[in-house]
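Each residue of the sequence shown is one higher than the one before, starting from 38 at the first, in my numbering. Here a beta-carbon is modelled for each residue, glycine too, at the ideal position from N, C-alpha and C. For clarity, every value in this text was computed on a predicted model and none was experimentally measured. To start, the structure itself, in structure tokens.
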Amino acid sequence: MQVELLNDQGQAATFEAPEALFGRDYNESLIHQLVVAYQANARQGTRAQKDREQVKHSTKKPFRQKGTGNARAGMTSSPIWRGGGKAFPNLPEENFSQKINKKQYRVGMASIFSKLVADGRLAVLEDIKLDSPKTKGFASKLKNLKVESALVIADTIDENLYLASRNLPNVYVIEPRYVDPLSLVHFKKVLVTKGAVDQLKEMFA
């Protein structure tokens, strides 16, 4: 299938892209599952609250059992008391991870790439080489491409490209092995070098 091919000056041509990667049917439910699983697996799981056993308190009975008119109370660590423990606290050992089968992941990622192509949000670059690690030079190339927010997937990232791109807040440059579903759906534009297309095909087609 034909995909837009851009050079450094933003001049467009066409590129014969693999149908198995860029011509899949759109599977919204599977893409949603991939994004949710990715976010869940990224959770650190460090949140924690104290139960009635862990809060600092006295074991002294707050007041006598009968005669005060108040509801009976045994100790101030009760969840209904201010400063008491949580009845059902969040624990750091909770496991939020979600498993996605390899075949599901491949099909889902190919579906995302296909949707990006269909929406005109993906373009293939001839190459992306910089003569110096200056952010200004890289920003100028992106301006020629009429791009402000982009995920750039490059087959190789040399030092110049790495240094020039890291100071641009709305641009993220990665190699194909680090591609994730959340980044693909988040950025307005996805730019893929011709060399990276071959690697992505091996991974997801």
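Judged by DSSP secondary structure, I190 falls within the beta strand (DSSP E) whose first and last residues are A187 to I190. I190 and N132 have their C-alpha atoms roughly 31 Å apart. In this structure, L71 sits away from F241, with a CB-CB distance that is not shorter than 8 Å. By the criterion of a C-beta distance shorter than 7 Å, A74 is surrounded in its chain by Q135 and I137, once the five residues flanking it on both sides are discounted. Of the candidates T230, P218 and K226, P218 places its Cα closest to the Cα of A79.
Per DSSP, the continuous alpha helix (DSSP H) segment holding Y75 begins and ends at E65 to N78.
Cβ atoms of K225 and S177 stay farther apart than 8 Å, at about 19 Å.
In the structure shown, I194 adopts coil according to DSSP, grouped into three states. Secondary structure of V210 (DSSP, three-state): strand. Membership of L179 in any beta strand (DSSP E) is not indicated; the residue belongs instead to the alpha helix (DSSP H) covering T172 to N181. Here P213 is buried: its Cβ has 16 or more other Cβ atoms, across all protein chains shown, within 10 Å.
Within the stretch 77-159, the complete alpha helix (DSSP H) runs of at least 4 residues fall at 139-155. Sequence-distant partners of S115 (beyond 5 residues in either direction) whose C-beta falls short of 7 Å from its own C-beta, in its chain, are R89 and G121. Distance from the CA of L167 to the CA of T193, rounded to the nearest whole angstrom, comes to 12 Å. By the neighbour-count criterion, in which a residue is buried when 16 or more other Cβ atoms sit within 10 angstroms of its Cβ, F52 is buried. Collapsing the DSSP output to three states places V40 in a strand. If you look at V229, you'll find it in the beta strand (DSSP E) that goes K226 to T230.
In the structure shown, the three-state DSSP call for A49 is strand.
CA-CA distance, L179 to Y142, rounds to 30 Å. Judged by DSSP in its simplified three-state form, V234 adopts helix.
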